[in-house]
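Comments concern the structure below.
Protein chains in written order, with the working numbering: chain A, 1 to 133; chain B, 1001 to 1133; chain C, 2001 to 2133; chain D, 3001 to 3133.
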């Protein structure tokens, strides 16, 4: 069991939406935040940093939003559906934009391929929770 | 001059939207993030923490989104209007929700009054940039 | 394979210290940041929030340091051993302090038990990287 | 009055160390976090990004630690001197390392000059609180 699963399970409030849908989204948010942080750094080392300016920038943006969204979803005290929706919609959009960018470099750079995958999974997980909220 | 002003002015990309509107929003985001962080903590010390659970939680959420939005707006490299909009819309909504909550406690707790003010200013500044983008 | 493993493996810089030691520490930092974020929230819902003020506060602090340290360790471009050490030492100390506090509540609250475990693992992983750097 | 001043003043716990020393450090931490975030971005747009890889990376690291430290110092509930010290020592070191790097580019890039100044001020403010704690 992951820490996200265990922490949601042991929270006295109980999960505000279906626990497995929620946990999948929390993990997808944090995995995406981490992948984007690492992808921005990996791009810095690549030869043509100029070309990757947009990728680095969008990865940093996406990491910030995913991280905020993961934390917001993790909190079960006095769950507020409108706050969750605000974060989830921003996160799904950020992941789409960043995923589209990383995908363009996926053939030549493995880190962009993995990061694009993390973005797609996070976008999809956010949309699943949006449907459930 | 504030650091936000100086950093936007010295950025070789130039500001993507009107510089003073942008700087006001960046500062409002970070001021709100800080106020929410401090208000959540101040609520913890108040007598009736149970009653303040919702306030603490929304302050933590709002701080996370404001902080992410402030960073995203600060980046001028390869500015992406859709990414900015995603963050700004989430931030304006988060500030409205958190500001409404803090306002309910503003009469009895000074920190909630100051925090509500920071939320209102940030919501308004986000909407100004949304119009300009 | 986790995202942390895949992102370290695909980074063109190569890991600055033994990759498996590094990945274990990055994952321990982010797991601990998440557990502390969730434990602070779970404590808010518990009956005696007053008694848990210190636990909530230390969990928020520890989450902030673990998150910063995880990101710093994830960056491989122009790795700086002194910067890594500064973060790792702070993180090991924060995890010890927070782990000691959570452990005191571990018998009565499962989320504190899981969080204490995450803190211990992270403290130990930070010390392992400190030895390797 | 800044928001940091107002929030410390209205906190029912009272400041754990001399309020003006504390507020100066909180503001220096957040100003430095913002300057480093913006400097990393500005470096991305400069011609020779390769040369600036180290500067970008250290700015991102320093921003993460300054942000965590600012939040930790802002919390007055159940203040823990050892937790504060762990963060402050890491922050002072991070600011020294990042300030030294930015200073090397200060002559040619205004954003690095401003960022170096923010780092020096933050390092000094952290040392002042370390003396007072």
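Here a beta-carbon is modelled for each residue, glycine too, at the ideal position from N, C-alpha and C.
I need the DSSP call for residue i, collapsed to helix, strand or coil.
i: residue 1046/B; result: coil
i: residue 3002/D; result: coil
i: residue 3011/D; result: coil
i: residue 92/A; result: helix
i: residue 1079/B; result: coil
i: residue 2106/C; result: coil
i: residue 1018/B; result: coil
i: residue 133/A; result: coil
Would you decide whether residue i is buried or exposed? Buried here means 16 or more other CB atoms lie within 10 Å of its CB.
i: residue 35/A; result: buried
i: residue 1101/B; result: buried
i: residue 3070/D; result: buried
i: residue 1077/B; result: buried
i: residue 3131/D; result: exposed
i: residue 3128/D; result: buried
i: residue 2107/C; result: exposed
i: residue 137/A; result: The structure shown does not extend to residue 137/A, since chain A is modelled only from 1 through 133, so no value can be given for it.
i: residue 3007/D; result: buried
Would you mind working out which of the options sits nearest residue i, comparing C-alpha positions?
i: residue 3099/D; options: 3002/D, 3122/D, 3007/D; result: 3122/D
i: residue 3109/D; options: 3129/D, 3041/D, 3126/D; result: 3041/D
i: residue 87/A; options: 37/A, 103/A, 125/A; result: 125/A
i: residue 55/A; options: 3132/D, 3075/D, 3001/D, 3045/D; result: 3045/D
i: residue 25/A; options: 103/A, 4/A, 57/A; result: 4/A
i: residue 3105/D; options: 3072/D, 3085/D, 3039/D, 3060/D; result: 3039/D
i: residue 2061/C; options: 2037/C, 2009/C, 2111/C; result: 2037/C
i: residue 11/A; options: 2074/C, 2111/C, 2097/C, 2133/C; result: 2111/C
i: residue 1058/B; options: 73/A, 1/A, 119/A, 20/A; result: 73/A
i: residue 89/A; options: 133/A, 43/A, 9/A; result: 133/A
i: residue 1053/B; options: 53/A, 75/A, 20/A, 48/A; result: 75/A
i: residue 2120/C; options: 2033/C, 2009/C, 2043/C, 2022/C; result: 2033/C
i: residue 1085/B; options: 1043/B, 1009/B, 1022/B; result: 1022/B
Taking 7 angstroms as the cut-off, does the CB of residue i come closer than this to any heavy atom belonging to the ligand FAD?
i: residue 3069/D; result: Of ligands this structure carries none, so the ligand FAD is not represented either.
Which residues in chain E sit within 7 angstroms of residue i, going by Cβ to Cβ distance?
i: residue 2006/C; result: Included in the structure are the protein chains A, B, C and D, with no chain E among them.
*Using Cβ-Cβ distances below 7 angstroms, what residues of the segment 3070-3083 of chain D are close to chain C?*
Cβ contacts with chain C: 3071, 3072, 3075, 3077, 3078, 3080, 3082, 3083.
*Below 8 angstroms, can you find three or more Cβ-Cβ pairs linking the segment 2065-2079 of chain C to the segment 2091-2108 of chain C?*
With a cut-off of 8 angstroms, the segment 2091-2108 of chain C and the segment 2065-2079 of chain C count as touching, because enough Cβ pairs lie within range.
*Quick one: any contact between the segment 3076-3087 of chain D and the segment 3115-3122 of chain D, if contact means 3 or more CB pairs under 8 angstroms?*
These segments do not touch.
*Cβ contact (3+ pairs, closer than 8 angstroms) linking the segment 16-25 of chain A and the segment 3015-3033 of chain D*: In this structure the segment 16-25 of chain A does not lie against the segment 3015-3033 of chain D, because fewer than three pairs of beta carbons, one per stretch, are closer than 8 angstroms.
*Closer than 8 angstroms, Cβ to Cβ, to anything on chain D: give me those residues from the segment 1037-1051 of chain B, in chain order.*
Against chain D - using a Cβ distance shorter than 8 angstroms - the residues of the segment 1037-1051 of chain B are 1037, 1038, 1039, 1041, 1042, 1044, 1045, 1046.
*Just by C-beta distance, which residues in the segment 3011-3025 of chain D are closer than 7 angstroms to chain B?*
Of all residues in the segment 3011-3025 of chain D, 3011, 3012, 3013 have a Cβ within less than 7 angstroms of some Cβ in chain B.
*Under 8 angstroms (Cβ pairs) to chain D, residues found in the segment 88-107 of chain A*: Using a CB distance below 8 angstroms, no part of the segment 88-107 of chain A faces chain D.
*Any residues in the segment 3115-3132 of chain D with a beta carbon nearer than 7 angstroms to a beta carbon of chain A? Which ones, in chain order?*
Going along the segment 3115-3132 of chain D in chain order, one finds no residue with a Cβ nearer than 7 angstroms to chain A.
*Could you run through the segment 1053-1068 of chain B and flag, in chain order, every residue whose CB is less than 9 angstroms away from some CB of chain C?*
Against chain C - using a Cβ distance shorter than 9 angstroms - the residues of the segment 1053-1068 of chain B are 1053, 1056, 1057, 1060.
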